Amino acid sequence: MIELKNITVDFDHVIAVDDVDITIEKGDVYGIVGFSGAGKSTLVRTINLLQRPTVGEVHVLGENLMELSPKALREKRKEIGMIFQNFNLLSHRTVLDNVLYPIRKSALSKEEKRTKALRLLKLVGIEEKADHYPNQLSGGQQQRCAIARSLASDPSILLCDEATSALDPKTTKQILKLLKTVNEELGITIVIITHQMEVVKEICNKCAIMQEGKIIERGSTLEIFSQPKTPLAKEFVETSTDYGETLEKVRKNLIRLKENEVLATIRYVGESATEPTIHQLYETLGVTTNILAGNIELITGTPVGNLIVSLEGKRENLKAAKEFMASKGANLNIVGGIHGVL
Ligand SMILES: Nc1ncnc2c1ncn2[C@@H]1O[C@H](COP(=O)(O)OP(=O)(O)OP(=O)(O)O)[C@@H](O)[C@H]1O
Ligand SMILES: [Mg+2]
0 MIELKNITVD
10 FDHVIAVDDV
20 DITIEKGDVY
30 GIVGFSGAGK
40 STLVRTINLL
50 QRPTVGEVHV
60 LGENLMELSP
70 KALREKRKEI
80 GMIFQNFNLL
90 SHRTVLDNVL
100 YPIRKSALSK
110 EEKRTKALRL
120 LKLVGIEEKA
130 DHYPNQLSGG
140 QQQRCAIARS
150 LASDPSILLC
160 DEATSALDPK
170 TTKQILKLLK
180 TVNEELGITI
190 VIITHQMEVV
200 KEICNKCAIM
210 QEGKIIERGS
220 TLEIFSQPKT
230 PLAKEFVETS
240 TDYGETLEKV
250 RKNLIRLKEN
260 EVLATIRYVG
270 ESATEPTIHQ
280 LYETLGVTTN
290 ILAGNIELIT
300 GTPVGNLIVS
310 LEGKRENLKA
320 AKEFMASKGA
330 NLNIVGGIHG
340 VL
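Under numbering that gives the first Met the number 0, the letters of the sequence shown match residues 0 to 341, in that order.
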């Protein structure tokens, strides 16, 4: 659906995007994550050629956009909607007129356009605001209006650049839910730029992490959350779960380890329920587990558990615990305790 090949964007020696390849498939909700200045907006703007790459190829919906005539490109762009952090609505037009704007020149009759715009306003849940002006709406309502406007020209792709960054957490969830509906019910492929892993966790099936113009890690959301590889991916994942912070707190304040006790983390993915595994750890190796903190989240429908535990047992059995847990599909890491042994 979208294939970017060897994309580089060079702004007078500022390399905003550095040799990026990315493939986004039909039906994906694809997250692009990174800190400010990583090049996310620049990369996404190459998808509709709002930003022409210095080097590389942009293939969208089976066509090489760089080879299209200006007229053909204008037509193609109608298939690619876009929404932004600050909504970008036309302030002197009503909500209804904002939605009508992209289809003002379409072949539909005046009545058909109006019916369509009202149907879209209903879809996004603000039909009663049709005659209001943008400054009479809340941020969430303005973004709903922007989504309706982006859908007016029946796009196959929707690009979202920090679309929820200006909204409070509750409104963010509502907008994400709406985007999920747009993806599932209208079959629209969505690309979401964000610096919030919560957004990725909530609705993306795949994601890529950008740093200094490059994609340094990518995969299914489940892979990234359960096995982040690069330090930056780990940082994003841990911030979104508060896991790293909790571990530090436990390490510093909570726990006085006994002589035969270690501090450990257990990460597991899927239904491999920990209760029986922890029980088996005791039955097989005589190691007792004390759960100190933890969280279990559903990532694209699969449970991902992160537990912080203390383990107590004989030295050699504590050593064997890691292998035992691995045989049960869980990843155990000893992070503190019996000095230098494990
Ligand atoms: N039009 C431009 N001219 C010159 N430099 C630019 C231009 N647009 C972006 N840049 C530079 O390119 C780099 C990447 O910018 P970009 O806006 O893509 O980052 P971003 O990841 O979207 O950041 P943010 O999260 O802050 O929106 C930055 O160093 C920025 O200063
Ligand atoms: Mg940006």
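All C-beta atoms, glycine included, are put in the ideal place defined by N, C-alpha and C. These figures come from a predicted structure and were not determined experimentally.
Going by the beta-carbon positions, is the gap between residue i and residue j smaller than 7 Å?
| i | j | result |
| --- | --- | --- |
| I1 | I23 | yes |
| G212 | G38 | yes |
| Q140 | I174 | no |
| V303 | V268 | yes |
| T180 | D130 | no |
| N97 | L107 | no |
| C203 | G30 | yes |
| V8 | T53 | yes |
| V358 | I189 | Nothing about residue 358 can be reported from this structure: the residues present for the chain run from 0 to 341 only. |
| I208 | E216 | yes |
| A71 | L95 | no |
| L49 | L64 | no |
| G312 | L262 | no |
Relative to the C-alpha of residue i, which candidate in the options has its C-alpha closest?
| i | options | result |
| --- | --- | --- |
| K4 | H12, V13, R51 and G36 | R51 |
| V308 | L67, V249, A319 and L88 | V249 |
| V13 | D167, T41 and V303 | T41 |
| T193 | R217, V123 and Q84 | Q84 |
| S239 | F224, L246 and A292 | F224 |
| F323 | Q279, G55, S155 and T180 | Q279 |
| I46 | P275, S137 and L157 | L157 |
| I187 | I79, G336, L72 and L246 | I79 |
| T245 | G328, R255, E201 and G293 | G293 |
| L256 | D11, E201, L310 and G300 | L310 |
| L221 | L231, M196 and M209 | M196 |
| G328 | C144, A15, R266 and E183 | R266 |
| I277 | I298, A325 and G300 | A325 |
| T114 | G218, A147 and G138 | A147 |
| N76 | G336, K321 and D153 | The residue asked about is misnamed: residue 76 is Arg in this sequence, not Asn. Checking every option, the nearest Cα to that of R76 belongs to D153. |
| G218 | D17, T299, D11 and G336 | T299 |
| E183 | L231, K25 and E66 | K25 |
What number of angstroms, rounded off, separates the C-alpha of residue i from the C-alpha of residue j?
| i | j | result |
| --- | --- | --- |
| L185 | K121 | 14 Å |
| I290 | N305 | 11 Å |
| N330 | Q226 | 10 Å |
| L177 | M81 | 15 Å |
| E260 | D241 | 24 Å |
| A319 | K251 | 26 Å |
| R118 | E126 | 8 Å |
| L284 | T163 | 49 Å |
| T264 | V334 | 7 Å |
| E62 | S155 | 14 Å |
| T170 | P133 | 17 Å |
| G339 | T287 | Unreliable placement is indicated for G339, whose pLDDT of 47 sits below 50; the coordinate value is still reported in the next sentence. Distance between the alpha carbons of G339 and T287 is about 21 Å. |
| I295 | E111 | 48 Å |
| R103 | Q210 | 40 Å |
| V198 | L166 | 12 Å |
| F86 | Y100 | 15 Å |
| V59 | H91 | 33 Å |
| N332 | K321 | 7 Å |
Where does residue i fall in DSSP's three states?
| i | result |
| --- | --- |
| L117 | helix |
| L345 | Since the first and last residues shown for the chain are 0 and 341, residue 345 lies out of range. |
| C144 | helix |
| G328 | coil |
| N5 | strand |
| S225 | helix |
| G80 | strand |
| Y29 | strand |
| N134 | helix |
| V340 | Residue placement at V340 is poorly supported in this model, since its pLDDT is 47, which falls under 50; the coordinates still yield a value, given next. The answer is coil: DSSP assigns V340 none of H, G, I, E or B. |
| S239 | helix |
| Q279 | helix |
| R92 | coil |
| P154 | coil |
| L185 | helix |
| E258 | coil |
| F323 | helix |
| N252 | helix |
| I333 | strand |
| N305 | strand |
Any heavy atom of ligand 3 closer than 6 Å to the CB of residue i?
| i | result |
| --- | --- |
| A15 | As far as ligands go, the structure on display features ligand 1 and ligand 2 and does not contain ligand 3. |
From the beta carbon of residue i, is the nearest beta carbon of chain C less than 7 Å away?
| i | result |
| --- | --- |
| L185 | In the structure shown, chain C does not exist; there is a single protein chain. |
Q. Within the structure, which residues are defined as neighbours of ligand 2 by a Cβ-heavy atom distance below 7 Å, reported in chain order?
A. K39, S40, D160, E161 and I192
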